[in-house]
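Student: Every letter in the sequence shown is one number past the one before it in our numbering, and letter 92, counting from 1, is 143. Heads up, the beta-carbon is just placed ideally off N, CA and C, and yes, glycines get one too. These figures come from a predicted structure and were not determined experimentally.
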Amino acid sequence: MATDLAPPPTEASRKAKKQKAPRVPLGAAILRYRWLYLMLLPGLAYFVIFKYLPMYGLTIAFQDFVPFLGYSGSEWVGFKHFETLFAGGDFGMLFSNTMILAMLIFLIAFPMPIIVALMLNELRINVVKRSVQSLIYIPHFLSWTIVAGLTYILFSVDFGVIANWIHSIVGGGKVDYVAQADWFRPIIILQTVWKGTGWGTIIYLAALASVNTELYEAARMDGAGRWRQFWHVTLPAIRPTIVLMAILHSGHLLDQSFEQLWLLTNSLNREVANVFDTYTYYVGITQGGYSYATAVGLFKGTVGVLLIFGCNWLAKRLGQRGLF
52 MATDLAPPPT EASRKAKKQK APRVPLGAAI LRYRWLYLML LPGLAYFVIF KYLPMYGLTI
112 AFQDFVPFLG YSGSEWVGFK HFETLFAGGD FGMLFSNTMI LAMLIFLIAF PMPIIVALML
172 NELRINVVKR SVQSLIYIPH FLSWTIVAGL TYILFSVDFG VIANWIHSIV GGGKVDYVAQ
232 ADWFRPIIIL QTVWKGTGWG TIIYLAALAS VNTELYEAAR MDGAGRWRQF WHVTLPAIRP
292 TIVLMAILHS GHLLDQSFEQ LWLLTNSLNR EVANVFDTYT YYVGITQGGY SYATAVGLFK
352 GTVGVLLIFG CNWLAKRLGQ RGLF
């Protein structure tokens with residue numbers, strides 16, 4: 052073979068391989084790619100102004116913050132607000148409501164874009180495929196206010212279209228689905244699936260489009276049917292994307308959509324609707340407990356960061372590519 056006739060590598064060739072490329076000065080690199088760095092500036096400015104600079108305000112979680120006294124004049128109380136949060140009677144209710152809703156969303160809403168993307172990938176008529184894609188993308192662009200209004204139109208006891216249809220089939224007394232605590236979580240899951248599934252398929256469809264078609268041809272030559280191709284070619288190809296999205300999703304486990312929950316919360320379902328996000332708004336804005344609300348938010352953020360690092364470590368331990 053040709054590789055057998057190749058001369059063995061000499062010491063000079065080994066040193067040439069190990070020798071690093073000359074380092075380009077930072078100023079020369081910036082000047083060379085100045086237009087790319089210029090396009091990067093708006094994004095950096097956004098994160099610095101709206102993400103990093105406001106983090107200084109987290110210091111009020113360790114103070115009895117008084118707006119008139121400011122950051123420097125407010126009394127420093129250490130972990131007082133965290134002790135109040137963990138020892139208070141609301142923490143267990145808030146944590147259980149948040150975790151139940153988060154797990155339901157992760158188990159039901161998170162896999163839906165994957166399932167829909169795999170189904171769309173099997174369509175061979177491009178006109179039908181693009182039409183379905185366009186239709187399921189539309190709900191993403193609707194605000195939660197519109198979604199909540201549609202929910203009341205469909206499920207309210209007085210004029211709900213679906214509620215009246217169910218009542219005509221089942222009979223008995225009318226059920227006010229948007230007011231009862233037992234139906235709060237199912238309605239939230241339905242809203243999340245309807246609004247977010249179409250938009251979430253974009254990432255997985257892009258991953259499916261990058262799959263090498265020669266793998267399917269080789270599988271067909273080996274006698275693999277559609278199911279075998281799906282199980283041994285399609286799923287392994289998008290597994291890194293699924294793992295990456297799962298790691299990112301874990302960071303928002305305690306971070307629910309405030310607008311979605313707040314618009315459906317009322318006095319009858321508050322016992323299951325009250326989560327950390329709505330509680331922070333109620334305590335911080337309505338009651339003026341800025342320091343305590345900041346402590347709750349800091350607790351949420353800390354748990355999110357720990358979950359991202361933990362899930363990233365677990366993914367690497369299982370042989371998958373992590374986020375970092």
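Under the DSSP definition of a beta bridge, which residues are partnered with glutamine 114?
Tutor: Taking the first residue of the sequence shown as 1, we reach residue 114 at position 63. DSSP, once it has assigned bridges, lists Trp127 as partnering glutamine 114.
Student: Would you decide whether leucine 369 is buried or exposed? Buried here means 16 or more other CB atoms lie within 10 Å of its CB.
Tutor: As a working note, residue 369 is residue 318 in the sequence shown. With fewer than 16 other Cβ atoms within 10 Å, it is exposed.
Student: Enumerate in chain order the residues of its own chain whose CB-to-CB distance from lysine 351 is below 7 Å, with the five nearest sequence positions on each side excluded.
Tutor: Looking up residue 351 in the sequence shown gives position 300. Closer than 7 Å at Cβ, skipping near neighbours: Leu305, Asp306 and Phe327.
Student: Measuring only the C-alpha atoms, how far is histidine 283 from leucine 266?
Tutor: Here residue 283 corresponds to residue number 232 of the sequence shown, with the count starting at 1. Here residue 266 corresponds to residue number 215 of the sequence shown, with the count starting at 1. Those two C-alpha atoms are separated by around 10 Å.
Student: Would you say isoleucine 159 reaches chain D, if we count a Cβ-Cβ gap shorter than 9 Å as a contact?
Tutor: Looking at the structure shown, chain D is missing, and only one protein chain is on hand.
Student: So, with DSSP's three-state summary, where would you put lysine 351?
Tutor: Taking the sequence shown and counting its residues from 1, one reaches residue 351 at position 300. It is helical.
Student: Taking only runs of the alpha helix (DSSP H) that begin and end inside the stretch 257-343, which ones reach a length of at least 4 residues, in chain order?
Tutor: Correct list: 264-272, 277-280, 286-301, 309-315, 321-324 and 327-332.
Student: Hey, quick one: how far does the alpha helix (DSSP H) through serine 147 stretch, first residue to last?
Tutor: The residue labelled residue 147 in the question sits at position 96 within the sequence shown. First-last of the alpha helix (DSSP H) with serine 147: 141-155.
Student: Under a three-way DSSP split, which group does lysine 102 fall into?
Tutor: For the purposes of this step, residue 102 is taken as the residue at position 51 of the sequence shown. The answer is helix: DSSP assigns lysine 102 an H, G or I state.
Student: Since glutamine 184 is in the alpha helix (DSSP H), which residue starts that stretch and which ends it?
Tutor: The residue labelled residue 184 in the question sits at position 133 within the sequence shown. 177-188 is the extent of the alpha helix (DSSP H) around glutamine 184.
Student: Check whether the stretch 359-366 touches the stretch 292-301, counting contact only when three or more Cβ pairs, one atom from each stretch, lie closer than 8 Å.
Tutor: With the cut-off at 8 Å, the stretch 359-366 and the stretch 292-301 touch.
Student: CB glycine 249 to CB proline 190, shorter than 9 Å?
Tutor: Numbered from its first residue, the sequence shown carries residue 249 at position 198. Numbered from its first residue, the sequence shown carries residue 190 at position 139. Yes, the pair counts as a contact, with Cβ atoms nearer than the cut-off.
Student: Could you tell me the alpha carbon to alpha carbon distance between histidine 218 and alanine 199, rounded to whole angstroms?
Tutor: Mapped onto the sequence shown, residue 218 falls at position 167. Mapped onto the sequence shown, residue 199 falls at position 148. If I take the Cα positions, the gap works out to 21 Å.
Student: Using only the alpha-carbon positions, how far apart do alanine 270 and asparagine 172 sit?
Tutor: Here residue 270 is taken as the residue at index 219 of the sequence shown, counted from 1. Here residue 172 is taken as the residue at index 121 of the sequence shown, counted from 1. Straight-line Cα distance between these residues: approximately 17 Å.
Student: Going straight from the alpha carbon of phenylalanine 146 to that of phenylalanine 137, what length do you get?
Tutor: Locating residue 146 in the sequence shown gives position 95, where the first residue counts as 1. Locating residue 137 in the sequence shown gives position 86, where the first residue counts as 1. Between phenylalanine 146 and phenylalanine 137, the C-alpha separation is close to 10 Å.
Student: How about aspartate 115 and serine 123: are their beta carbons less than 9 Å apart?
Tutor: On the sequence shown, position 64 is the one that residue 115 refers to. On the sequence shown, position 72 is the one that residue 123 refers to. It is not a contact, given that the beta carbons lie outside the stated cut-off.
Student: Is glycine 193 buried or exposed, if buried means 16 or more other CB atoms sit within 10 Å of its CB?
Tutor: Here the question's residue 193 lines up with position 142 in the sequence shown. One detail in the question is off: residue 193 reads as leucine in this sequence, not glycine. Result: exposed.
Student: By alpha-carbon positions, which one of Thr329, Ala230, Tyr343 and Ile239 ends up nearest to phenylalanine 113?
Tutor: Counting from 1 along the sequence shown, the entry for residue 113 is found at position 62. Among Thr329, Ala230, Tyr343 and Ile239, the Cα nearest to that of phenylalanine 113 belongs to Tyr343.
Student: May I ask which residues mark the beginning and end of the alpha helix (DSSP H) holding tyrosine 203?
Tutor: The residue you call residue 203 lines up with position 152 of the sequence shown. Unbroken alpha helix (DSSP H) run through tyrosine 203: 195-206.
Student: Should isoleucine 166 be labelled buried (16 or more other beta-carbon atoms within 10 Å of its own) or exposed?
Tutor: Position 115 of the sequence shown, counted from the first residue, corresponds to residue 166. Classification for isoleucine 166: exposed.
Student: Going along the chain, which residues of its own chain have a beta-carbon closer than 8 Å to the beta-carbon of arginine 372, five neighbours each way excluded?
Tutor: Numbered from 1 along the sequence shown, position 321 holds the residue referred to as residue 372. Cβ within range, chain order: Pro291, Val294, Leu295 and Ala366.
Student: Taking just the CA atoms, how far does alanine 153 sit from histidine 142?
Tutor: Within the sequence shown, residue 142 is the residue found at index 91, counting from 1. Within the sequence shown, residue 153 is the residue found at index 102, counting from 1. A small correction: the amino acid at residue 142 is phenylalanine; histidine does not occupy that position in the sequence shown. So the two alpha carbons sit approximately 16 Å from each other.
Student: With H, G and I counted as helix, E and B as strand and the rest as coil, what does DSSP make of alanine 232?
Tutor: Indexing the sequence shown from 1 puts residue 232 at position 181. Helix, per DSSP.
Student: Decide if proline 164 is buried, meaning its Cβ has at least 16 other Cβ atoms within 10 Å, or exposed.
Tutor: The residue you call residue 164 lines up with position 113 of the sequence shown. Per the 10 Å Cβ criterion, buried.
Student: Quick one: what does DSSP say valine 356 is sitting in, helix, strand or coil?
Tutor: Residue mapping note: residue 356 aligns to position 305 of the sequence shown, counting from 1. Here valine 356 sits in helix by DSSP.
Student: Quick one: Cα of threonine 149 to Cα of leucine 312, how far?
Tutor: Residue 149 sits at position 98 when you count from the first residue of the sequence shown. Residue 312 sits at position 261 when you count from the first residue of the sequence shown. Distance between the alpha carbons of threonine 149 and leucine 312: 11 Å.
Student: Roughly how many angstroms separate the alpha carbons of isoleucine 100 and lysine 246, rounded to a whole number?
Tutor: Within the sequence shown, residue 100 is the residue found at index 49, counting from 1. Within the sequence shown, residue 246 is the residue found at index 195, counting from 1. Near 30 Å, if we compare the C-alpha coordinates of lysine 246 and isoleucine 100.
Student: Would you mind working out which of Ala346, Val117 and Phe375 sits nearest methionine 106, comparing C-alpha positions?
Tutor: For the purposes of this step, residue 106 is taken as residue 55 along the sequence shown, with counting starting at 1. The shortest Cα separation from methionine 106 among Ala346, Val117 and Phe375 belongs to Ala346.
Student: Compute the Euclidean distance between the alpha carbons of tryptophan 234 and leucine 89, then round it to the nearest angstrom.
Tutor: Taking the first residue of the sequence shown as 1, we reach residue 234 at position 183. Taking the first residue of the sequence shown as 1, we reach residue 89 at position 38. Cα-Cα distance, rounded: 50 Å.
Student: Assuming valine 226 and valine 208 are in contact, meaning their beta carbons sit under 8 Å apart, how far apart are those beta carbons, in whole angstroms?
Tutor: Position 175 of the sequence shown, counted from the first residue, corresponds to residue 226. Position 157 of the sequence shown, counted from the first residue, corresponds to residue 208. Sure, about 7 Å apart at Cβ, within 8 Å.
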